[in-house]
Amino acid sequence: MYRNQCKPLIKNPNPLDSDMLRESIHLFLDGYRFGVADLNDFSSISMRLLRDHAADPSIEVVWFHSAVTFLTAKFAAQLPLKRVRLAEDIFQRLVSSTDVCGALKRIAVLAPIVYLLTDLVVEKRHLELEGHVQGFLERVVAYVGICFIDASKREESEDYGLSGLGSCFMETIRAWMVDKIGIDHEEVCLKAFFPIVSDEVRSGMVKMGCGVGYVAGVVMCEALMLKLYFKFGSVTSRVELQKDVHDLAVQTMNGFRNIFFFDILFRVLLEPVLPVTHLLNSDDACLLQKVLHDAVMMMDFSFLNPQTGIQIPGDWLKDLSVKWLFVADNAISSVRKDGDQAKAISYVNAFSESCITSRLIEWITNHIGIEGKVFEPDFPNPVAFIMTLVISSSEWMLHAEEQGAKMFECEISKRLAKEVVHRSNLDDCEFEMADVAETEYLADDIMINATATDGSRKRKEGAKDDHKNQCKLVKY
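Residues in the sequence shown are numbered from 1 upward in steps of one, following UniProt numbering.
Structure (structure tokens):
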């Protein structure tokens, strides 16, 4: 998870409440493992915890109660259709338990439902079951859209996920996974509970400061992937299939117009392959990736503009914008490899005109802090923009970092920035990626030292000079 999300104050649950919840979960886990037949006592405990926090229940309390309810009824719901009905009942309980909460919490709390839906999809053996699962998923996706509509009608002051995940986050997931193997291993447990996102996304959940909005983004991204998956079961031509999947992707994304959703989706798209290999074959997974690239490139991101009245923390928007640069680069490179020059040009134009690109320039300008200096890059394509950021670091970025602002904040952005530099064919400059263990920053933070053609290295002390690095950027 990107660290900028931790900069605003995270409103963590009361420690005393967390201790009581943790003790209850541990008793439940031990009882279940040792074969306690009657779980009614745990149902009473979890219900009491939920009632004590009815005004604004934490995700952990709601998840624990729903896990106990599900596992208590699971033994009587062995038939596939009964399992669907049980999942629908849990869904209704989650909805009613968080009806008074904000949109992001109402969405984030649905993570167990997406887990159950994925489990049913993977294990489906009957054609009639698929229709029930797909219909249930449609209701879940529709509910997510309703959450945002309700928030707008209420003129809800969204806290952008600043309600922190408590210290019992992993324990509540283990309560859901208690009948699975390997739940004591954090990575195994998270992968089982959130199977349709990348390892990088899952690792962000357990870092200090992870907010409710982050989990809501994961829920929306997984719901999108599941919804698109069902399109691949239809008997149609590849051309028709691609159009149908594309139309559905655009429709669903327009209903999920939220910074956390796109942050998670961008992270997933920046992985070499989509995390759907357990659902789709390689050809279908490649088609899905192509469709998602096209959908995000042509997406209208105007909801991120300040004119909409939604005030998004600047550093969060910057992190999203940086990921957008790399997603756009991947999308353009992909269609170029396919020989589709017309689409490549349309993607470059969409990139240049996107408000995300404009917001990133705005963030950079605001963080230069040098009187009279305005960041006005020539960005004909994402690689040119990224390289401009890298080159310019010798002047404005170092000044910004002295104030605690970093351009390539999250791990995936740092890694991809290095890859772009290494693969770019620069005629007039060389760039060296160096770790800076001697600074206050992490040892693997990016420091880029521009080297002139005569081999002399530009020093950090000279960053305030008016001299500009002369570079020819690779063209698409």
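From the three backbone atoms N, C-alpha and C, an ideal C-beta is built for every residue, glycine too.
For the putative contact between residue i and residue j, defined by C-beta atoms under 8 Å, what is the C-beta separation to the nearest angstrom?
| i | j | result |
| --- | --- | --- |
| residue 121 | residue 226 | 7 Å |
| residue 381 | residue 348 | 5 Å |
| residue 259 | residue 320 | 6 Å |
| residue 297 | residue 328 | 7 Å |
| residue 206 | residue 222 | Residue 206 to residue 222, Cβ: 17 Å. No contact. |
| residue 176 | residue 80 | Wrong, their Cβ atoms sit about 19 Å apart, outside the cutoff. |
| residue 46 | residue 24 | 7 Å |
| residue 145 | residue 255 | 4 Å |
Are the CB atoms of residue j and residue i within a distance shorter than 8 Å?
| i | j | result |
| --- | --- | --- |
| residue 273 | residue 105 | no |
| residue 543 | residue 261 | The structure shown does not extend to residue 543, since the chain is modelled only from 1 through 476, so no value can be given for it. |
| residue 195 | residue 118 | yes |
| residue 412 | residue 267 | yes |
| residue 70 | residue 90 | yes |
| residue 88 | residue 198 | no |
| residue 350 | residue 293 | no |
| residue 50 | residue 62 | yes |
| residue 217 | residue 264 | yes |
| residue 317 | residue 363 | yes |
| residue 29 | residue 257 | no |
| residue 284 | residue 230 | no |
| residue 60 | residue 172 | yes |
| residue 151 | residue 102 | yes |
| residue 84 | residue 129 | yes |
| residue 72 | residue 44 | no |
In this structure, how does DSSP classify residue i when only helix, strand and coil are distinguished?
| i | result |
| --- | --- |
| residue 102 | coil |
| residue 339 | coil |
| residue 211 | strand |
| residue 20 | helix |
| residue 147 | helix |
| residue 274 | coil |
| residue 300 | coil |
| residue 179 | coil |
| residue 109 | coil |
| residue 236 | coil |
| residue 382 | helix |
| residue 206 | coil |
| residue 185 | coil |
| residue 197 | coil |
| residue 166 | coil |
| residue 349 | helix |
| residue 97 | helix |
| residue 354 | coil |
| residue 279 | coil |
| residue 174 | helix |
| residue 260 | helix |
| residue 305 | coil |
Leaving out five residues before and five after residue i in sequence, what residues of the same chain have Cβ atoms less than 7 Å from its Cβ?
| i | result |
| --- | --- |
| residue 242 | 287 and 291 |
| residue 305 | 355 |
Excluding the 5 residues flanking residue i on each side, which residues of the same chain have their C-beta closer than 6 Å to its C-beta?
| i | result |
| --- | --- |
| residue 167 | 18 |
| residue 279 | 229 |
| residue 109 | 59, 62, 94 and 98 |
| residue 20 | none |
For residue i, collect the residues of the same chain with a Cβ closer than 8 Å to its Cβ; drop the 5 residues on either side in sequence, then sort them by chain order.
| i | result |
| --- | --- |
| residue 246 | 291, 294 and 295 |
(message) Just to confirm the assignment: which complete beta strand (DSSP E) runs, minimum length 3, are found wholly within the region 29–87?
(response) Those beta strand (DSSP E) runs which fall completely within the region 29–87 and span 3+ residues do not exist here.
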